[in-house]
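To keep things clear, I will list the structure first and then write my remarks on it.
Protein chains: 2
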Amino acid sequence: MAKKLLPLSKVYGLLEPGPVVMVTTVRKGRPNIMTLSWHMMMEFEPPLVGCVISNRNYTFGILKATKECVINIPTVELAAKVVGCGNTRGERTDKFATFRLTPAAARRVEPPLIDECYANLECRVVDTRMTAKYCLFILEVVQAWIDPSVKRPRTIHHLGRGTFMVAGKIIKLPSKMR
Amino acid sequence: MAKKLLPLSKVYGLLEPGPVVMVTTVRKGRPNIMTLSWHMMMEFEPPLVGCVISNRNYTFGILKATKECVINIPTVELAAKVVGCGNTRGERTDKFATFRLTPAAARRVEPPLIDECYANLECRVVDTRMTAKYCLFILEVVQAWIDPSVKRPRTIHHLGRGTFMVAGKIIKLPSKMR
């Protein structure tokens, strides 16, 4: 996908609606992917994102050690791959190969972007004080990419046990809210 | 709305898809409402929810002092009221009266449920260690209600500046994920 840089001030609009995301990490040259719904915006700019990653996940230890990840936002066309990544273990699966996803170089962090995802957020861990107790990582988005040709991204939103809501129509209301 | 109790183990399926919610609080008998998109699940059961509420919001001080709130989940029929609550200040507006919303008694906390919302989560603040730095509150859901007649809730999901995505179609994929 041909991506352009997205201003960091616009990142919140990608994560506020609650899409399922795919988090990429890398250790010793080996990239991994996990599927995640437990994330939220915490600050507009620089964008801070909170996410909870279970310490039973392979990604937990990598993220704690390397302090870098990419949040990749898929659309419904990738749903089977998203679920596939969620159902497999990174210790024993090369998820890029298994699910035929394409790693692309990030600019400011080591983990790869997933090229097939319409948006990618390069992140650094900035606070781990609540990681032991809640598995909470606080991330700063340091670079953001978006495919400008995707006008109405049909993101997917997890309702539990493999059921997903697909992003529907757009409505606009007069608002002073950012 | 006629609500029934929802098992706490099922709460995550309501918040994971990222709906805009309305948070009710009460102080000195005066209930208030704020609109919120910055929330995430942090634990399945008992359900823990993280949320970031700016210290410029009237709700911040009330929640810090009273340690109780209700997370009310609206559907698209309420969109104008949701935006109205987001655009007004609780210090000087009785939002229940202004937006013709109906307070209903909660069972385990003092703030009211918004009767028109199809789901309501009674919450207690269980951790404020990150409140000063990030305006982060960690809530435990102690009681959950749902209107069983709402089969496909058309929740709304904020994309920024009054633009919302309305929940679309449902897809089901084989998954081992909870």
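Each protein sequence line maps, in turn, to chains R and Z.
In terms of this note's numbering, the first sequence is residues 1 to 178.
In terms of this note's numbering, the second sequence is residues 179 to 356.
Where is the CB? At the ideal position from N, CA and C, for every residue including glycine.
Candidates the options: closest to residue i by CA position
{"i": "Val126 (chain R)", "options": "R:Pro31, R:Gly86 and R:Val142", "result": "R:Val142"}
{"i": "Pro137 (chain Z)", "options": "Z:Tyr236, Z:Met179 and Z:Ala310", "result": "Within the shown structure, residues of chain Z are numbered from 179 to 356, placing residue 137 (chain Z) beyond reach of any answer."}
{"i": "Glu194 (chain Z)", "options": "R:Thr163, R:Leu159, R:Gly168 and R:Met165", "result": "R:Leu159"}
{"i": "Ala97 (chain R)", "options": "R:Glu110, R:Thr155 and R:Lys81", "result": "R:Lys81"}
{"i": "Ala257 (chain Z)", "options": "Z:Ala345, Z:Arg205, Z:Leu241 and Z:Thr309", "result": "Z:Ala345"}
{"i": "Lys172 (chain R)", "options": "Z:Thr271, Z:Lys350, Z:Ile348 and Z:Val254", "result": "Z:Val254"}
Supposed contact pair residue j and residue i - C-beta distance, whole angstroms, cut 8 Å
{"i": "Lys330 (chain Z)", "j": "Arg161 (chain R)", "result": "This sequence places Arg at residue 330 (chain Z); Lys is not what is there. So it is not a contact: roughly 16 Å between Cβ atoms."}
{"i": "Leu8 (chain R)", "j": "Asn72 (chain R)", "result": "Between Asn72 (chain R) and Leu8 (chain R) the Cβ distance is about 17 Å, and since that is not below 8 Å, they are no contact."}
{"i": "Ala284 (chain Z)", "j": "Glu300 (chain Z)", "result": "5 Å"}
{"i": "Ala243 (chain Z)", "j": "Arg267 (chain Z)", "result": "At roughly 18 Å, the Cβ-Cβ gap does not stay under 8 Å, so Ala243 (chain Z) and Arg267 (chain Z) are not in contact."}
{"i": "Thr202 (chain Z)", "j": "Leu241 (chain Z)", "result": "The pair is not a contact, with the Cβ atoms about 10 Å apart (cut-off 8 Å)."}
Close beta carbons around residue i, own chain, < 6 Å, minus the five adjacent residues each side
{"i": "Gly196 (chain Z)", "result": "His335"}
{"i": "Leu184 (chain Z)", "result": "Ala322 and Ile324"}
{"i": "Lys95 (chain R)", "result": "Ile33 and Cys85"}
{"i": "Val230 (chain Z)", "result": "Trp216, Cys313 and Leu314"}
{"i": "Val150 (chain R)", "result": "Tyr118"}
{"i": "Arg286 (chain Z)", "result": "Glu300, Val320 and Gln321"}
{"i": "Met218 (chain Z)", "result": "Gly228"}
{"i": "Glu91 (chain R)", "result": "Tyr58"}
{"i": "Lys4 (chain R)", "result": "Pro148"}
Closer than 8 Å to chain Z by CB, residue i
{"i": "Val166 (chain R)", "result": "yes"}
{"i": "Ile170 (chain R)", "result": "yes"}
{"i": "Ser37 (chain R)", "result": "yes"}
{"i": "Leu5 (chain R)", "result": "no"}
{"i": "Arg108 (chain R)", "result": "no"}
{"i": "Gly61 (chain R)", "result": "no"}
{"i": "Met34 (chain R)", "result": "no"}
{"i": "Val83 (chain R)", "result": "yes"}
{"i": "Val142 (chain R)", "result": "no"}
{"i": "Met22 (chain R)", "result": "no"}
Interface flag, residue i vs chain R, CB-CB below 8 Å
{"i": "Val304 (chain Z)", "result": "no"}
{"i": "Ser353 (chain Z)", "result": "yes"}
{"i": "Tyr236 (chain Z)", "result": "no"}
{"i": "Ala165 (chain Z)", "result": "For chain Z, the structure presents residues 179 to 356; residue 165 (chain Z) sits outside this window and is missing."}
{"i": "Met128 (chain Z)", "result": "Residue coverage of chain Z in this structure runs from 179 to 356, which leaves residue 128 (chain Z) outside it and unanswerable."}
{"i": "Pro197 (chain Z)", "result": "yes"}
{"i": "Leu186 (chain Z)", "result": "no"}
{"i": "Gly264 (chain Z)", "result": "yes"}
{"i": "Tyr190 (chain Z)", "result": "yes"}
{"i": "Arg208 (chain Z)", "result": "no"}
Residue i (DSSP reduced to helix, strand or coil)
{"i": "Phe315 (chain Z)", "result": "strand"}
{"i": "Glu77 (chain R)", "result": "helix"}
{"i": "Ala106 (chain R)", "result": "coil"}
{"i": "Phe99 (chain R)", "result": "coil"}
{"i": "Thr155 (chain R)", "result": "strand"}
{"i": "Val126 (chain R)", "result": "strand"}
{"i": "Thr309 (chain Z)", "result": "helix"}
Beta-carbon proximity list for residue i, same chain, < 8 Å, skipping 5 on both sides
{"i": "Leu139 (chain R)", "result": "Leu48, Val49, Gly50, Cys51, Cys69, Ile71, Cys123, Arg124, Val125 and Val126"}
{"i": "Met42 (chain R)", "result": "Leu48, Val49, Gly50 and Ile138"}
{"i": "Val198 (chain Z)", "result": "Thr213, Leu214, Ser215, Pro252, Val260, Thr333, Ile334, His335, His336 and Phe342"}
{"i": "Thr102 (chain R)", "result": "Phe96, Ile114, Asp115 and Glu116"}
Close-in-space but distant-in-sequence residues of the same chain around residue i (CB under 7 Å, 5 per side omitted)
{"i": "Glu45 (chain R)", "result": "Leu8 and Ser9"}
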